[in-house]
Each structure stands twice: as structure tokens, then as C-alpha cells.
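If you read the sequence shown in the working numbering, its first letter stands for residue 13, the second for the next number, and so on. Beta carbons: idealized from backbone N, C-alpha and C, even for Gly. Only a predicted model underlies this, so the values are computations on that prediction, with no experimental measurement involved. Have a look at the structure below before the remarks.
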Amino acid sequence: DHADEVLKELIAIGDELCRFLTLPTASMGRHRVTKSGRREAARTAEVAYRLYESLYTKRFISLSKLSERLKLAGLGGSEASRIRQFERFMGDAIE
């Protein structure tokens with residue numbers, strides 16, 4: 013049950029990261045010069061911010077809560093520290 017929840021979160025992180033990384037570019041000249049380009053860039057930026065917030069904030073909080081459940085069930089301090097370290101590695105890689 014716990015492993016399934018963690019796997020679900022990790023798959024969701026991968027899915028949202030893929031969507032974030034494959035957003036269309038919004039840094040071309042037309043995105044700064046033309047009115048329609050600026051609107052397109054604004055929409056792209058809005059979607060990017062929402063995806064990043066969901067990915068980095070909500071998903072990682074969920075993973076942290078799952079780790080806390082393991083600690084309450086008796087997971088040792090060194091193992092919990094290792095889990096937190098992997099979470100930090102993932103967060104640093106995403107940033």
C-alpha cells in the first residue's frame with residue numbers, strides 16, 4: 013500500500029516534469045515584439061508556473077508526508093535521513 017502510493021507520486025512527478033520540459037518555447041523575438049506573441053508567452057509562462065508549483069511543491073510535500081508515515085511506523089533515523097537526502101537530490105535536479 014505505501015509502496016504503491018510512493019510509486020504513484022514518483023510517476024506523477026515524472027509526468028509533470030515531462031509536461032514542463034516539453035512546453036513550447038516563449039523566448040523568440042515574436043514573443044517580445046508582437047501582441048499575439050506576448051499573449052502566447054504569457055499563457056506559456058502561466059502554465060509553466062502552475063506545473064512547476066504542482067510538481068515541486070505539492071508532489072514533494074506528498075512525498076515528505078509519506079516519509080513521515082514510515083518514520084511513525086518505526087523507520088530508523090539513518091534511513092529516514094537517506095530518504096530526505098534523495099528528496100533533496102531530486103529537488104535540486106529539478107531546479
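Range of the contiguous alpha helix (DSSP H) that encloses residue i
{"i": "L29", "result": "14-33"}
{"i": "Y61", "result": "47-64"}
{"i": "M102", "result": "89-106"}
Identity of the residue in the options nearest residue i by Cα
{"i": "V59", "options": "F72, F32, R44", "result": "F32"}
{"i": "L22", "options": "L78, L84, S90, L82", "result": "L78"}
{"i": "T69", "options": "D13, L29, A85", "result": "L29"}
{"i": "I25", "options": "S48, T46, H43, I73", "result": "I73"}
Cutoff 8 Å; reference residue i; Cβ partners in own chain excluding five residues on either side
{"i": "L35", "result": "T56, V59, A60, L63"}
Same chain, Cβ closer than 6 Å to residue i, neighbours up to 5 away in sequence not counted
{"i": "K47", "result": "none"}
Cut-off 7 Å between Cβ atoms - residues of its own chain near residue i, not counting five sequence neighbours on either side
{"i": "E17", "result": "L78"}
Three CB pairs or more closer than 8 Å across the stretch 50-58 and the stretch 96-106: Segments in contact, no.
Taking three-plus beta-carbon pairs below 8 Å as touching, is the stretch 26-42 in contact with the stretch 83-96? With the cut-off at 8 Å, the stretch 26-42 and the stretch 83-96 do not touch.
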